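According to the numbering used here, the residues represented by the sequence shown are 43 to 1074, in order.
Remarks on the structure that follows.
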Amino acid sequence: MDPSTRRHTWDVLQRNRPGRTMLLSTHYMDEADALGDRIAIMAEGHTQCCGTPLFLKKLYGTGYHLVIIKENTCNIETLTRFIKEFVPFTQIESIINMEITYLLPESDTSTFPLLFRELNASKKLLHIISFGTSATTMEEVFLKSEEDNKHSIESTSVTRSISKTTSFKSVDEDVNLLEFNSGFQLIKGLSLKMNQLTALIAKRYIVSKKHWLTTLVSYCLPSSMFLLYILFDYSIISVNRKDDPLLMFNLSMYGDTSVPIVYDNASRKLIQVYKSMLGNAKVIDLTELKDITLDNFLLKNVYDIGPVNFEKEFVVGVNFSYDATLRTITPVALFNGQPYHSLFVSVDLVIKTMVHVLLDKTYNITVGILPIPFKGESELEYAMFESFRSGFFAGMFAGIGMAMYSACVVHFILRERESGVKHMQAIFGVSMFMYWFPTFLWDALSFIIPTIFLFIIFFLFDQQAFFYGINWILVIIVICAFIWAILPIIYALQFCFEAPSSGLAGVLILNLLSVLFSDVIVFEFGKPRSDNNHIGKALKFVFTVFFPCFNLSQCFSFILKNFKAEMECEPYQEDCMLGIPSLCCIKHPDLCYSLNPDGKCFPWTETPLAFDHDRGIGIYLVFMIVQGFLGCIAVFVIECGFITKIYFMMCKKHPKGNPTESPDLADEEDDVVAERNLILSSPIEKLSQQFPVILVEVHKRYADFNAVDHITVGVPEKECFGLLGQSGAGKTTIFRMLTGETAVTGGDAYVKGFDVRTDLRTVQSLLGYCPQFDAHIEELSARDTLIMYARLRGIPEKNIHTVVENLIDVVLLKPHADNMCGTYSGGNKRKLSLAMALVGDPPCILLDEPSTGMDPKARRQMWNILSKIRACGRTIIFSSHSMEECDALCTRLAIMLRGRFTCIGSPQHLKSKFGQGYTLIIKMGHLPEGPQAPTDPVVEYIQSLVPDTTVFDDHQGYVHLQINDTSIEVADVFSLMEQCKDSYFVQDYSVHETTLEQIFLTFTKLQKLDDEERIESCLFLRAGFFNENLCY
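Right, here's the structure in full:
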């Protein structure tokens, strides 16, 4: 949270405090100070101290800090002697540029009023501009309690390595903290490219190794899908290829059935013989049931037992009727039309009955069915259909497997882009080609293992179609062409997605649809006897043009179909040479015809690379090669932002207003104007010698929103320049423009004299960048990460180990150096981000909220490191939501409001210029009678002398007052408290100057909360590989 949002949260908690007990944990000591009635500091499971904020400050405090802004002519020794006349035990805490900090013992507060009055009266004599004070903070209390923690050896050693004062700007400038990071020449040219290639390949290897199980499963996808095809094909062949046996018709093949019979007296002999042939079937004699007819009986049973059971039970029946006139008996065979062959069984029973009655039982008739076996042309037509079917399923399953595996490559690419790792690699010198070439190389080589698994399946299950002759070479050629085609297309498609999960799902669905949808349609329209073959051919061509997965499936399908056709037709080639017509005479078109009017010759060939959809795979290979080139062009166009540029040119969709128009300077603060005039009044060549980083009227516009509005500033060497502002003020946008992640809409930005627009590659080589959100690859350890970036930066291989180990020591990551980044705490991740920014000893370091998520001790460690780095001659540009951090680190800072600077200067200068009074905290003692002294009398007394005093908080013997009268000097506040200390039983008090946070809040009240993370018009400008101004 930024300070104003955090303050709003505090207000919510304060309003809901009455009648409740609240337990709060926080890393922000000012938050604990503001909200806590009592504070407990813990370390390693033990409570180090517990008490009210004021009690802890008195217990662990070091006193007051007197910060003085001096003129160039100020004599520091004279000034120090002057202060020691009033406070003898004064110590110099730090001297940074124009700012001197003294430490004043708290025991001498009674002399502070006189000191401050004399100091104010002697400003011109002592050549000082302004001064101010600050008391012990809760953060100092935290660190002091950590120092006294005897339970932790690590805590003691760390405390020795950091400063024990509130400011970390005083460091030994003779100590070069980054000496190990220099003293060698960065490699360039081909050697650098080889180092970068090695680093990027090693990165992918480590990630795959960490996820070995997932990687192995993905390798098995193509072979697993083809194995499913083999099992499916075997099951179909086992059913279809069996020769159907002779089937003899008899009633017993239907199981238990009931046979209704109807007859008259003349037919009794026939009925007796008929009954003898029914076997175990139940006979229902309707002649004896005189009260029901045959029709009614059947209808009644349908109703009683249901249609399904009726069809199973009643299969055949008979009705013998005698015609007295003609003296003939007419048999009527009854049958149920649903069961197979019931007609023939019923008629067979009647005929057998007639034979036995008219002749004798020595005569018999048997009825059955024997399908004609496939021989000759019929057999070939059946084989052609089988090869067509097998080829379709083989191609489809192979295409599905490869489509699923190829979609997996998009996940890691999107992870790198989403987390900012891709942009970090660009900052470290990785060009667009050097990013995509190792990516393609690794992804392409990763197809080797799935291909080996696929050939193992071919061998184990005797898939001779893919081993026969040169077919195994064709398979390899097809897979290589598919790799070349699919990878660039996937790389282009990934720009349509933001999240890795959605990208993986999207690309997977597109790949699967391109196989299933196209294969099924072409199969249906391309059947041998289909009337819509012309539609199938047209659609096949369209799918060939657009879908690499379809081309792969068609190639596998053709190889299998062609092999089976060749095996079937090889025995017929001698007949064809002798002039005997056959379906296999494809080499002799005049003999290639079928006796069946709908029959077609087998489309097989001995030249499988022919450019014909039906007789070769050449056309599929050519289109896959073309698709690969088109995919590479698409990636290049998207990375360069050409699509967006053309879109805006065609639609004329320019943002409102002129991006280069001059801002309204009427309401700019005088320090901001002075900074602007300083920069604009001198040529860039001269300014670059003094200021490593220069922004000249830098402007960034998103549609109709100004994220950065004509910023002009110069940052000299050995300066830590802070950018403060609420979310949406434009801080991060400035960093993005300097690093090339976002294009500059207007104005110019220079780093060491190089223009960000025209020399972005050089500018990036001069920058170290710690982004707002950690750009880490979770599977890599801190050591792996730093080794990778050291290689990318061009550090010689022999020096990499020394640089990496020293960086790990500098940022205090030694205990976690070999753990995966994904397991790090927030503080350790920020330490690693800082170490990344220091790789290669860049002269300019950009830090975007580097201490977010750190506890106070870790934050102070980082402050110490940054102070030493700055003292080594580096230029640091720094943004933070911690005002105390900015106060401790920044030699100069600017507060941003709606993309513009509202003020600029050193922290003490801003306090002196924009300060609004003082904060007074009073602790009441006890009355002579014993109870605690009330706070009302002392508050009324102070308000009677200083009317513009408000009570911020009053509880448990503590009263927190805010003195808003800007005419009151700090000496007057101390004098006032010394006068009433005894009269009103005041046990202790502390006076705070207006804090930097209060000044910040005063300015930011004017700004509405906007989202800085707007989608810029250049949708595809992600990695900052190019320096053209492609955004409007």
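Don't be surprised by glycine CBs; every beta carbon is placed ideally from N, CA and C.
Bear in mind that the values here come from a model prediction, so they are computed numbers and not experimental data.
- Check the Cα spacing between Leu-529 and each of Arg-803, Cys-618, His-383 and Ser-488: the tightest is with Ser-488.
- Taking Ser-922 as the centre and dropping the five residues before and after it, the same chain places the C-beta of Glu-891 and Cys-928 closer than 6 Å to its C-beta, in chain order.
- Around Met-904, the same chain offers Ser-893 as residues with beta carbons nearer than 6 Å, after the five sequence neighbours per side are excluded.
- Listed in chain order, the non-local C-beta contacts of Phe-733 below 7 Å within the same chain comprise Gly-756, Val-757 and Pro-758, local neighbours out to five positions each way being set aside.
- DSSP assignment within the region 698-754 yields the following whole beta strand (DSSP E) runs of 3 residues or more, N-terminal first: 735-744.
- Residue pairing from DSSP leaves His-453 without any beta-bridge partner.
- Assignment of Ala-323 by DSSP, reduced to helix, strand and coil, places it in the coil class.
- In this chain, the alpha helix (DSSP H) harbouring Gly-673 covers 660-682.
- Restricting attention to beta strand (DSSP E) runs no shorter than 3 residues, the region 888-921 encloses them at 917-921, ordered along the chain.
- The alpha-carbon separation between Asp-990 and Ile-1010 amounts to approximately 10 Å.
- Between Asn-237 and Arg-833, the C-beta spacing is below 9 Å.
- Out of Ile-622, Ala-523, Asn-361 and Phe-777, the CA that lies nearest to the CA of Met-666 is found in Ala-523.
- With a 10 Å radius around the Cβ and a threshold of 16 neighbouring Cβ atoms, Gln-731 comes out exposed.
- DSSP, read as helix, strand or coil, puts Met-64 in coil.
- If you look at Glu-353, you'll find it isn't in any beta strand (DSSP E); it sits in the alpha helix (DSSP H) that goes 336-355.
- The continuous stretches of beta strand (DSSP E) do not include Asp-504, and DSSP gives it neither H nor E.
- Taking C-beta separations shorter than 7 Å and ignoring five residues to either side along the sequence, the partners of Leu-385 in its chain run Phe-377, following chain order.
- Among the bridge pairs identified by DSSP, Arg-934 is matched with Phe-763.
- The count of Cβ pairs closer than 8 Å, one atom from the region 314-329 and one from the region 386-403, reaches three, so the stretches are in contact.
- In the DSSP annotation of this structure, the continuous segment of the alpha helix (DSSP H) that includes His-576 starts and ends at 575-588.
- According to DSSP, residue pairing for Pro-373 in a beta bridge involves Phe-362.
- Less than 9 Å separates the beta-carbon of Tyr-983 from that of Tyr-1026.
- Beta-bridge annotation (DSSP): Tyr-792 is paired with Ile-736 and Asp-797.
- In this chain, Tyr-811 is not harboured by any alpha helix (DSSP H); it is covered by the beta strand (DSSP E) spanning 809-812.
- Collapsing the DSSP output to three states places Gly-433 in a helix.
- At the C-beta level, Ile-411 and His-453 stay beyond 9 Å of one another.
- As the crow flies, the alpha-carbon of Phe-920 is around 24 Å from that of Val-845.
- In this structure, Val-1001 sits near Thr-977, with a CB-CB distance shorter than 9 Å.
- Contact holds between the region 490-502 and the region 261-273, because three or more Cβ pairs, one in each stretch, are under 8 Å apart.
- Burial check for Lys-873: the Cβ neighbour count within 10 Å reaches 16 or more, so the residue is buried.
- Close CB contacts of Ser-363 within its chain, under the 6 Å cut and outside five residues either way in sequence, are with Thr-372 (chain order).
- Per the DSSP secondary-structure output, Ile-837 pairs with nothing in a beta bridge.
- Assignment of Phe-994 by DSSP, reduced to helix, strand and coil, places it in the strand class.
- Using a 10 angstroms sphere on the CB of Trp-646, the tally of other CB atoms reaches 16 or more, which defines it as buried.
- Membership of Gly-174 in the beta strand (DSSP E) is indicated by the continuous run 170-176.
- For the pair Leu-809 and Gly-231, the Cα-to-Cα distance works out to about 20 Å.
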